[in-house]
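Peer 1: Going by the working numbering, the letters in the sequence shown line up with residues 97 to 406, in that order. From the three backbone atoms N, C-alpha and C, an ideal C-beta is built for every residue, glycine too.
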Amino acid sequence: RAAAAELARVLEEIRAHPGFARFLQPRPVAELLPAAAKGPVVLLNVTELRSDALILTPDGIEVLPLEGIDPTAVAGQTKAFLEALEGVTHPSQEVREVSEEILASVLGWLGERITGPVLDHLGHTTTPPPGSSWPRVWWCPSGALTLLPLHAAGHHRAEPSGASGSVIDRVISSTTPTLRALLRAHQRPPLPPEQQKMLVVAMPHTPHQSDLPGAGWEATTLGALYPGKATVLGLPGTDPATHDTVLAALPGHPLVHFACHGHSDLANPSASHLLLNDHQTRPLTVLDLIAAHLPAAELAFLSACTTART
């Protein structure tokens with residue numbers, strides 16, 4: 097009790113200083129609502145007590161209970177999904193077919209229990225008619241749900257009524273890790289065309305990995321699409337693609353295209369990395385990118401291995 101009282105006293109003292117009035121306090125809801133200016137944001141909260149979709153719109157927050165959803169159920173579906181991802185490239189056709197059935201089952205479960213109820217609540221029940229604008233939804237999952245492809249959820253078959261169970265047939269999906277990240281993205285003005293420079297990191301040959309012949313073709317194509325604006329690393333006649341050369345080039349290129357191998361580390365997500373020339377000694381990790389100061393970053397396209405995993 098004494099420690100709690102001391103903490104409260106110190107916090108009160110800190111908040112008395114100019115600019116620190118909300119130190120260690122959550123942001124007011126009114127400051128978060130602008131995140132939904134271009135479409136609703138759906139925060140998915142799964143707990144043992146109850147699970148809900150918190151639907152953020154410019155007018156406020158709606159709470160939609162998610163029936164039959166708890167951490168154990170989500171963990172089971174996530175485990176099945178990750179194991180099936182490994183099986184779809186198995187040499188055995190039988191294993192591949194079983195894995196594809198499991199993937200379809202997981203996507204169906206996601207659609208029935210999570211994305212379907214949310215989109216029904218928002219009124220997005222059918223495919224928009226030709227020529228009309230598509231609605232946009234931002235998903236903000238938490239826990240094990242971050243490992244499942246919400247944008248691909250649902251049963252991928254047409255219904256006689258015209259209704260669709262799949263997310264991809266109803267809305268344009270985006271994902272945000274936090275509301276604050278989405279707010280920053282909305283508030284930043286778009287870059288003028290002359291500043292839209294692209295970094296292309298192409299690894300057709302990677303030490304101790306299989307070759308990726310398409311990586312060179314991708315780099316050549318992007319160079320033609322962005323004449324004079326594309327910097328290429330990793331191809332003959334260009335600088336090598338290494339941990340240091342890529343991190344040094346990123347601040348000056350708001351657009352980046354990676355064509356390389358990648359590794360998703362589920363046990364230590366921050367250690368997930370892209371495989372460059374020096375990947376054995378200095379892999380380009382998620383932690384490296386978090387630490388980099390990239391205020392102009394606009395788009396990163398990952399043409400890499402394991403991108404079916406978060």
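Could you spell out where the beta strand (DSSP E) holding F397 opens and where it closes?
Peer 2: L395 to A400
Peer 1: Which residues in the same chain have their Cβ closer than 8 Å to the Cβ of I165, if we skip the five residues on either side of it in sequence?
Peer 2: V142, S147, R209 and I210
Peer 1: Could you spell out where the beta strand (DSSP E) holding I268 opens and where it closes?
Peer 2: I268 to T271
Peer 1: For the alpha helix (DSSP H) containing G204, list its first residue and its last residue.
Peer 2: Residues Q189 to L206.
Peer 1: Determine the closest residue to G219 out of L329, Q291, G261 and S368, with distance taken between C-alpha atoms.
Peer 2: G261
Peer 1: Count the other CB atoms within 10 Å of the CB of Q283; is the residue buried (16 or more) or exposed (fewer)?
Peer 2: exposed
Peer 1: Using the three-state DSSP reduction, which class does W313 fall into: helix, strand or coil?
Peer 2: Shown here, W313 sits in a helix according to DSSP, grouped into three states.
Peer 1: Can you tell me where the alpha helix (DSSP H) with A112 in it begins and where it stops?
Peer 2: A112 -> no alpha helix (DSSP H), and no H or E assigned at all.
Peer 1: Got a sec? Which residues, its chain only, sit under 7 Å from Q305 by beta carbon, not counting five neighbours each side?
Peer 2: H357 and L371
Peer 1: How long is the line joining the alpha carbons of M299 and C401, rounded to whole angstroms?
Peer 2: 12 Å
Peer 1: Residue range of the alpha helix (DSSP H) that L215 falls in?
Peer 2: G212 to L218
Peer 1: What separation, rounded to the nearest whole angstrom, lies between the Cα atoms of F354 and T377?
Peer 2: Linking F354 to T377 through their CA atoms gives a straight-line distance of about 19 Å.
Peer 1: Does the Cβ of V125 have 16 or more other Cβ atoms within 10 Å, making it buried, or fewer, making it exposed?
Peer 2: exposed
Peer 1: Please work out which residues of its chain come closer than 7 Å, Cβ to Cβ, to A205, disregarding the five sequence neighbours upstream and downstream, and give them in chain order.
Peer 2: Just to set this straight, residue 205 is Trp in the shown sequence, not Ala. Excluding sequence neighbours, W205 sits near Q173.
Peer 1: How close, in whole Å, do the beta carbons of V170 and G239 come, if the pair is a contact with beta carbons under 8 Å?
Peer 2: 7 Å
Peer 1: Whose CA, out of T302, G212, Q292 and L128, lies closest to the CA of N373?
Peer 2: T302
Peer 1: What's the gap between the Cα of L398 and the Cα of G330?
Peer 2: 15 Å
Peer 1: Is the beta carbon of L279 sitting closer than 8 Å to the one on A117?
Peer 2: no
Peer 1: Counting C-beta neighbours from all protein chains within 10 Å, is the total for S195 16 or more, i.e. buried, or is it exposed?
Peer 2: buried
Peer 1: Who pairs with V137 in a beta bridge, going by DSSP?
Peer 2: Looking at the DSSP output, V137 sits in a beta bridge with L152 and W234.
Peer 1: When we look at the beta-carbon of A99 and count the other beta-carbons within 10 Å, is it buried (16 or more) or exposed?
Peer 2: It counts as exposed.
Peer 1: Do you know offhand how far D216's Cα is from I151's?
Peer 2: Across the structure, D216 and I151 are spaced so that their CA atoms are roughly 12 Å apart.
Peer 1: Check whether the Cβ atoms of L318 and A311 lie closer than 8 Å to each other.
Peer 2: Going by C-beta atoms, L318 is not nearer than 8 Å to A311.
Peer 1: Measuring alpha carbon to alpha carbon, tell me which residue in V352, R123 and L244 is nearest C236.
Peer 2: L244
Peer 1: At what residues does the beta strand (DSSP E) containing H369 begin and finish?
Peer 2: Residues H369 to L371.
Peer 1: Using only the alpha-carbon positions, how far apart do A392 and Q292 sit?
Peer 2: 10 Å
Peer 1: Taking DSSP's pairing of strands, which residues face V328 in a bridge?
Peer 2: BP columns for V328 point to V296.
Peer 1: Within 10 angstroms of the Cβ of S366, are there 16 or more other Cβ atoms? Answer buried if so, exposed if not.
Peer 2: exposed
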